[in-house]
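Numbering (the working numbering), first residue to last: 65 to 232. Every residue, glycine too, gets a C-beta built ideally from N, C-alpha and C.
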Amino acid sequence: MATLTTLTKDKYIPFLDTTQSMDYSDCEWAAIDLSTVFELAMNEETEEYDYICYAAPVTEVESNKPSMDQEIRTVEGNKVHDFIAKQFYDMPIGDQCKTPFLLCFGGEGKKAWRGTCTLTNKTLNTVDKKYTFTMEMGGDIEKGTYAIASGVPTFTPAKTAGQSIKEY
Numbered sequence: 065m066a067t068l069t070t071l072t073k074d075k076y077i078p079f080l081d082t083t084q085s086m087d088y089s090d091c092e093w094a095a096i097d098l099s100t101v102f103e104l105a106m107n108e109e110t111e112e113y114d115y116i117c118y119a120a121p122v123t124e125v126e127s128n129k130p131s132m133d134q135e136i137r138t139v140e141g142n143k144v145h146d147f148i149a150k151q152f153y154d155m156p157i158g159d160q161c162k163t164p165f166l167l168c169f170g171g172e173g174k175k176a177w178r179g180t181c182t183l184t185n186k187t188l189n190t191v192d193k194k195y196t197f198t199m200e201m202g203g204d205i206e207k208g209t210y211a212i213a214s215g216v217p218t219f220t221p222a223k224t225a226g227q228s229i230k231e232y
């Protein structure tokens, strides 16, 4: 019988690159740590097909556009806080709103997604002592594995991790 393991919230770790190194060469990954939310939505984009062999239309998933609403507590000196506070203050547009992300999934396989997200819906709530924002993760998301040493993650793409995309 397989061993069952409950994966807790601390096993799923989202990171943002606070330097916005769009080619991933000089990323300074910072964990979104002082947050009380983690709800990743796949946002499937669907199409309806009314095949003649079925009485009713069929829904097909054409693509995914993951997003995650997130927050960071207003603790100056926290890397993610300082990054989001600067984003908020600077009022960026276009590509200035994009930054690499690394999403580390809990579990034995140490699976991860790496890609570029657009930061939207930035809000400052001083009463609740937090910034809220949305990570829009559309585009190309690379699958792979991760390791974390001294709080710093390392991403290995699936192609070089000795695994095929189908294993994910």
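Around the beta carbon of LEU183, 16 or more other beta carbons lie within 10 angstroms, which makes this residue buried.
Approximately 6 Å separates the beta-carbon atoms of LYS186 and GLN151; this is inside 8 Å, confirming the contact.
Unbroken beta strand (DSSP E) runs of no fewer than 3 residues, entirely contained in the region 142-194, are found at 162-168 and 175-189, following chain order.
In this chain, LYS223 is not harboured by any beta strand (DSSP E), its DSSP state being neither H nor E. Bridge partners of SER131 according to DSSP: ALA105 and GLU200. Excluding the 5 residues flanking it on each side, ALA105 has same chain C-beta neighbours closer than 6 Å at SER131, in chain order. Of the candidates THR83, VAL144, GLU124 and GLU126, the residue whose Cα lies closest to the Cα of SER99 is VAL144. With respect to GLY203, LEU71 sits apart: the two C-beta atoms are not nearer than 8 Å.
If you draw a straight line from the Cα of MET155 to the Cα of TYR118, it is about 51 Å long. Contact between LYS194 and ILE116 is absent: CB atoms are separated by about 53 Å, not below the 8 Å threshold. Following the DSSP letters along the chain, one finds TYR210 inside the beta strand (DSSP E) bounded by residues 206-213. In the displayed model, ASP74 falls within a helix according to three-state DSSP. Around the beta carbon of ILE157, fewer than 16 other beta carbons lie within 10 angstroms, which makes this residue exposed.
Taking GLU108 as the centre and dropping the five residues before and after it, the same chain places the C-beta of VAL125 and ASN128 closer than 6 Å to its C-beta, in chain order. Per DSSP, the continuous beta strand (DSSP E) segment holding ALA95 begins and ends at 93-95. Shown here for PHE219: same chain residues with a beta carbon closer than 7 Å to its own, the five before and five after excluded, namely LEU166, ALA176, ARG178, GLY208 and TYR210 in chain order. By the CB criterion at 8 Å, CYS181 and GLU200 fall inside the cutoff. When secondary structure is reduced to three states using DSSP, ILE136 falls in the strand class.
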